[in-house]
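Some notes on the structure that comes next.
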Amino acid sequence: MNPMRRALAALCLMPLPALAGTYPDRPVRVVVPFAVGGAADTVARAVAHKLGEALGQTFIVDNRAGANSMIGSELVARAAPDGYTLLMQLGPPHNTLPFFSRNVPYDPVKDFTPVAMIGTAPQAMVVNAALPVKDLKEFLAYAKARPGKLSYGTSGVGSSQQLGGELLKASTGIDMIHVPYKGGAPALNDVVGGQVPVGILVLSNVLPHVKAGKLRLLGVLQAERAKAAPEVPTLAQAGLAGFAVPDTWVGLLGPAGMPPAVVEKLRGGIEDALASPDLQERLETAGFEVEAHPSPATFASLLASSVDTYRGIVAKAGIQPE
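Numbered by mature numbering (1 follows the signal peptide of the UniProt record, and there is no 0), the letters in the sequence shown go through residues -20 to -1, 1 to 302 in order.
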């Protein structure tokens, strides 16, 4: 029997209360499938520190960037489901990668155990202030009169921002060109500078430029208004009935088959950590609205339903995996 099978067999024989009682009795690795300094890394380091304090053990952040998060995610999917190898991931790309790549070596739902959704990042549609439109209705009329003439910038291919743009095009019949960037910052810079007239970007990042009069905010893409800007309507409320994309989340997952007792212990530690004002401030600075009561069941439901929703958007847009 190879070491992995032996570890799994031992884990299955161990009573759940025993696992909960001793976990964690050694350092826990939190894999971040992105480079140091990004949103997931910022959240992972803040949460790992607080989890260490709450559970009395060291939580080590391990950056395994590459292949749009596939390298780090695959490492966790193949790890023993004992709670000592975890994944701090963003969705998208976690829940959209199979629609853009033919060679994803894991299933984003079946091969992972959702532990806790840490927070969500509302996405917003903005236009450069020089564009002669003041609301969504005027924008749609302007875009329909100029098919193929407008472009919209996003943080990259496969992002919720791109898919939100594709849903907007499918829902309204407008023809816009997607301009993917390597991250939200360069996309935002070009929308503010007018090189790209439209942006679908993280709400918290665009708000300072909206207040400065450089961008005009047309609405948020999710089903609910954002806590950080409750005065901003959703696109559905702005006139596009029924429009919504799934929440863009940051969350902690483990390999499939983690014992419920271990998941619950981690969830409890995360809930305690998220009650910390300084952690809340760090997450909000990173663009996330904090999840007050993280629930594995709620996280699992969002993960599964978002995959189904994005599958429909991709089908409408005619996107094929490469």
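No residue lacks a Cβ here, since even glycine has one placed at the ideal position from N, Cα and C. All values reported here derive from a predicted model rather than from experimental measurement.
Check: Distance, Cα to Cα, residue 310 vs Lys191?; Outcome: The question about residue 310 has no answer here: the residues shown for the chain are numbered -20 through 302.
Check: Are the CB atoms of Tyr86 and Ser53 within a distance shorter than 8 Å?; Outcome: yes
Check: Tell me the DSSP secondary structure of Pro166 in three-state form.; Outcome: helix
Check: Taking only the alpha-carbon atoms, compute the straight-line gap between Leu246 and Val225 and give it to the nearest angstrom.; Outcome: 28 Å
Check: Residue range of the beta strand (DSSP E) that Gly99 falls in?; Outcome: 92 to 100
Check: Quick one: what does DSSP say Thr38 is sitting in, helix, strand or coil?; Outcome: coil
Check: Just how far apart, CA to CA, sit Leu143 and Pro160?; Outcome: 11 Å
Check: Between the region 233 to 244 and the region 111 to 126, do at least 3 Cβ pairs fall closer than 8 Å?; Outcome: no
Check: Figure out for me which residue from Ala221, Ala19, Glu211 has the closest Cα to the Cα of Ala101.; Outcome: Ala19
Check: Would you list the one or two residues that DSSP bridges to Pro235?; Outcome: Phe92
Check: Please go through the same chain and pick out, in chain order, the residues whose beta-carbon is closer than 7 Å to the beta-carbon of Ala253, but skip the five residues on each side of it.; Outcome: Val27, Lys30, Leu31, Ala34, Leu259
Check: Sorted by chain position, which residues of the same chain lie with C-beta nearer than 8 Å to Arg196's C-beta, five sequence neighbours on each side aside?; Outcome: Val106, Val107, Asn108, Ala109, Leu111, Val113, Lys114, Val190
Check: How far does the beta strand (DSSP E) with Leu55 in it reach, from first residue to last?; Outcome: Taken as a continuous stretch (DSSP letters only), Leu55 belongs to no beta strand (DSSP E), being part of the alpha helix (DSSP H) at 50 to 57.
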